[in-house]
Amino acid sequence: MEKVPTRLNVAPVPPDEIFALNGAFFADTHPQKVSLGVGVYRTDDGKPWPLPAVEKAEKQLAEENDLMRHEYTAIEGDVPFLKIARDIMFGFEGKPSEEAAKARIASVQTVAGTGANHLGALFLAHHMKPRNVWLSNPSWANHMTIWELAGVPRKTYPYYHAATRSFDFDGMMATLENDAEEGDAVLLHACAHNPTGLDPNKEQWIAIADLCERKKLFPFFDSAYQGFASGSLEEDAWAVRYFFENKPDMEMCVAQSFSKNMGLYGQRTGAFHYITNRSATSIRDVIVNNLCHLIRGEFSMGPRIGCTIVKKIMSSEELTADWHNDLQVMSSRIKSMREALYNELVRLKTPGTWEHIVEQNGMFSYTGLTPKQVYALKDKYHVYLLKSGRASISGLSQKNVPYVAQAIDDVVRNVL
Ligand code: LMR
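Residues in the sequence shown are numbered consecutively from 228, following our numbering.
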């Protein structure tokens, strides 16, 4: 290799699989190409879908022509937005102990969900120093990167039972019970687990909360799909709200994203919420203040526009109702595409069982296809999915499902 004079000590790092695949998809000129890679919502025509509620909000905002719209906000971010984001996540409506509950939550604006995960990891690394963070195996690959960069040793708990293509609840519980230590952080996907699409049921969530409490583990929720998975904000926040309401002596945190549920992917809109236990609410402001210290040293404050859109929608009954409707549209289309793919594979008598495609939840299906089959799908059919077999269901449409099913049928039969 050519010797280059440099002060740097750099070796190549593997490209991010999700975005590298997305780049390859865009560069592909094949007319029948299908993107089942990156987790983004697409219409049945394969087009991006700025949410109608968001478009209405943008129109109103353009008319208002607010002179402040490009100004700095506070380091903690857009404060009215943070209150709205908190209320969407924790859902206080009409609960008698609302004020006491809110007093437990320290919120700051982040650079979407990734930024919230990163800020949270960094904050814990500085101020809690967990010996380990426990990630599900598998998890969103970026979780690994984020905690690596925060300098917290990463361990994994079993999550996926390959033989039955189901959630390995017993494996998860046994590992956390036997191997996790007091003060360790446990990364939990609030709903629509990425990549498996398998979530604990309510009874299992209760058992996970009990375990975290008994073993003094720190639950770190990643909530990237609230409302997007089931169509209901409440249903998709069930686990977070259960922990929050029923374990008031436990501390926890939530990384919240508006990328998927408002379709604000590139606007980087999100929040990080640290929840104190009920006896430590007096330190809430100190927590915000320390989070602000990290934010200021890194990006000064989160971007404005996405928060302004969220505020506009949530301050109008009409736009809020539109948004709820948009969530239904997105989640139902994904469910119907799961069924369409399943039906087509059954019709083709594709070897194997495919019920898991309809049983899994949210943006992704963990198809069970092998890496070789995944590569063959790309090379022969221009159908793009992750090496793990994760498919972003929203890339399917009425038009391309027969093609994709036929392609899967071929690789399942012919590529071992
Ligand atoms: C995904 O998992 O495809 C999405 O969450 C996009 C991302 O940031 O990785």
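Every residue gets a Cβ at the ideal spot worked out from N, C-alpha and C, and that includes glycine.
**Message:** Distance check for Ala-343 and Asp-293, CA to CA, integer angstroms please.
**Reply:** Translated into positions along the sequence shown, residue 293 becomes position 66. Translated into positions along the sequence shown, residue 343 becomes position 116. The alpha-carbon atoms of Asp-293 and Ala-343 are separated by roughly 28 Å.
**Request:** Please name the residue or residues paired with Leu-362 in a DSSP beta bridge.
**Result:** Start at 1 with the first residue of the sequence shown, and residue 362 comes out as number 135. Beta-bridge pairing links Leu-362 to Thr-383.
**Asked** Given a threshold of 16 other Cβ atoms within 10 Å of its Cβ, counted over all protein chains shown, does His-345 qualify as buried or as exposed?
**Response** Translated into the one-based positions of the sequence shown, residue 345 becomes position 118. Looking at its Cβ environment, which holds 16 or more other Cβ atoms inside 10 Å, His-345 is buried.
**Prompt:** What are the start and end residues of the alpha helix (DSSP H) that includes Pro-242?
**Reply:** The residue you call residue 242 lines up with position 15 of the sequence shown. Segment: none, Pro-242 is in no alpha helix (DSSP H) and carries neither H nor E.
**Message:** Whether or not the region 534 to 541 and the region 243 to 257 are in contact is what I'm after, with contact meaning three or more pairs of Cβ atoms, one per stretch, closer than 8 Å; do they touch?
**Reply:** no
**Asked** When we look at the beta-carbon of His-354 and count the other beta-carbons within 10 Å, is it buried (16 or more) or exposed?
**Response** In the sequence shown, counting from the first residue as 1, residue 354 sits at position 127. Taking all protein chains shown into account, His-354 has fewer than 16 neighbouring C-beta atoms within 10 Å of its C-beta and is therefore exposed.
**Asked** Per DSSP, Phe-317 forms a beta bridge with which residues?
**Response** Within the sequence shown, numbered from 1, the residue matching residue 317 stands at position 90. Bridge partners of Phe-317: none, in fact.
**Request:** Answer with buried or exposed for Ser-484, where buried requires no fewer than 16 other C-beta atoms within 10 angstroms of its C-beta.
**Result:** Here residue 484 refers to the residue found at position 257 when the sequence shown is read from its first residue. The residue is buried, with at least 16 neighbouring Cβ atoms inside 10 Å.
**Asked** Span of the alpha helix (DSSP H) holding Tyr-602?
**Response** Counting from one through the sequence shown, the residue named residue 602 turns up at place 375. For Tyr-602, the uninterrupted alpha helix (DSSP H) run begins and ends at 598 to 608, by DSSP.
**Item:** Start-to-end residues for the alpha helix (DSSP H) that takes in Leu-643
**Value:** Residue 643 sits at position 416 when you count from the first residue of the sequence shown. Note, Leu-643: premise wrong, no alpha helix (DSSP H); not H, not E.
**Message:** Mapping the DSSP letters down to three states, classify Met-590 as helix, strand or coil.
**Reply:** Indexing the sequence shown from 1 puts residue 590 at position 363. Residue state, collapsed to three classes: coil.
**Asked** Can you tell me whether DSSP reads Ile-302 as helix, strand or coil?
**Response** The count along the sequence shown starts at 1 and reaches residue 302 at position 75. Coil at Ile-302, not helix or strand.
**Asked** If you check the beta carbons only, do Phe-447 and Lys-487 fall under 8 Å apart?
**Response** Position 220 of the sequence shown holds residue 447. Position 260 of the sequence shown holds residue 487. Not in contact: Phe-447 and Lys-487 (Cβ atoms no closer than 8 Å).
**Asked** In whole angstroms, what separates the C-alpha of Asp-243 from that of Ser-324?
**Response** For the purposes of this step, residue 243 is taken as the residue at position 16 of the sequence shown. For the purposes of this step, residue 324 is taken as the residue at position 97 of the sequence shown. About 44 Å.
**Request:** Could you tell me if the beta carbon of Ile-561 falls within a distance shorter than 7 Å of some heavy atom in ligand 1?
**Result:** As a working note, residue 561 is residue 334 in the sequence shown. No, the Cβ of Ile-561 stays beyond 7 Å of every heavy atom of ligand 1.
**Message:** So, with DSSP's three-state summary, where would you put Arg-505?
**Reply:** Along the sequence shown, read from residue 1 onward, the residue named residue 505 stands at position 278. Arg-505 carries a coil assignment under DSSP once its states are collapsed to helix, strand and coil.
**Message:** For a cutoff of 8 Å on Cβ pairs, would you count Glu-409 as touching chain B?
**Reply:** In the structure shown, chain B cannot be found, because there is only a single protein chain.
**Item:** Ser-334: first and last residue of the uninterrupted beta strand (DSSP E) it sits in
**Value:** Position 107 of the sequence shown holds residue 334. Residues 332 to 338.
**Prompt:** Within 7 Å: the Cβ of Val-265 and any heavy atom of ligand 1?
**Reply:** To locate residue 265, count along the sequence shown from 1; it is residue 38. Indeed, a heavy atom of ligand 1 lies less than 7 Å from the Cβ.
**Request:** Let me know if Asn-627 comes out buried or exposed under the rule of 16 or more other beta-carbons within 10 Å of its beta-carbon.
**Result:** To locate residue 627, count along the sequence shown from 1; it is residue 400. Asn-627 should be labelled buried.
**Message:** Please tell me whether, using a cut-off of 7 Å, the distance from the CB of Asn-516 to the nearest non-hydrogen atom of ligand 1 is below it.
**Reply:** Your numbering for residue 516 matches position 289 in the sequence shown. Every heavy atom of ligand 1 is 7 Å or more from the Cβ of Asn-516, so no.
**Item:** DSSP-derived helix/strand/coil call for Gly-490
**Value:** On the sequence shown, position 263 is the one that residue 490 refers to. Gly-490: coil per DSSP, three-state reduction.
**Message:** Let me make sure I understand the geometry here. Which of Phe-253, Pro-241 and Leu-278 has the alpha-carbon closest to that of Gln-555?
**Reply:** As a first step, residue 555 is located in the sequence shown; it is residue number 328 there, counting from the start. Among Phe-253, Pro-241 and Leu-278, the Cα nearest to that of Gln-555 belongs to Leu-278.
**Asked** How far does the alpha helix (DSSP H) with His-551 in it reach, from first residue to last?
**Response** Counted from its first residue, the sequence shown places residue 551 at position 324. Run containing His-551: 544 to 574, per the alpha helix (DSSP H) assignment.
**Prompt:** Within the present structure, is the beta-carbon of Asn-488 separated from the nearest heavy atom of ligand 1 by less than 7 Å?
**Reply:** Position 261 of the sequence shown holds residue 488. Result no, Cβ not under 7 Å from ligand 1.
**Item:** Those residues which DSSP pairs with Thr-496 across a bridge
**Value:** For the purposes of this step, residue 496 is taken as the residue at position 269 of the sequence shown. Thr-496 pairs with Val-338.
**Asked** Does the beta-carbon of Gly-266 have 16 or more other beta-carbons within 10 angstroms, so that it is buried, or is it exposed?
**Response** Sequence index remark: in the sequence shown, residue 266 carries index 39 (1-based). That one is buried.
**Asked** What distance in whole Å lies between the Cβ atoms of Ala-284 and Leu-546, which are believed to be in contact at a cut-off of 8 Å?
**Response** Counting from 1 along the sequence shown, the entry for residue 546 is found at position 319. Counting from 1 along the sequence shown, the entry for residue 284 is found at position 57. Yes, they are in contact, since the Cβ atoms of Leu-546 and Ala-284 sit about 6 Å apart, within 8 Å.
**Asked** Straight-line CA distance for Gly-524 to Thr-496?
**Response** Locating residue 524 in the sequence shown gives position 297, counting from the first residue. Locating residue 496 in the sequence shown gives position 269, counting from the first residue. Using only the alpha carbons, I get a separation of about 19 Å.
**Message:** Taking DSSP's pairing of strands, which residues face Arg-617 in a bridge?
**Reply:** As a first step, residue 617 is located in the sequence shown; it is residue number 390 there, counting from the start. Paired residues: Tyr-593.
**Message:** Tell me the DSSP secondary structure of Phe-246 in three-state form.
**Reply:** Locating residue 246 in the sequence shown gives position 19, where the first residue counts as 1. Helix.
**Item:** Beta-carbon spacing of Phe-471, Ile-433 below 8 Å
**Value:** Taking the first residue of the sequence shown as position 1, residue 471 is located at position 244. Taking the first residue of the sequence shown as position 1, residue 433 is located at position 206. Not a contact, by the Cβ cut-off of 8 Å.
**Prompt:** Can you list, in chain order, the stretches of the beta strand (DSSP E) that have 3 or more residues and sit fully within the region 392 to 446?
**Reply:** 412 to 416
**Prompt:** With a cut-off of 8 Å, do at least 3 Cβ pairs link the region 416 to 429 to the region 515 to 531?
**Reply:** no
**Message:** Can you look up Val-261 in the DSSP assignment and give me helix, strand or coil?
**Reply:** Mapped onto the sequence shown, residue 261 falls at position 34. DSSP places Val-261 in strand when its eight states are reduced to three.
**Message:** Under 8 Å, with one C-beta from each stretch per pair, do the region 556 to 571 and the region 605 to 622 reach the 3-pair mark?
**Reply:** yes
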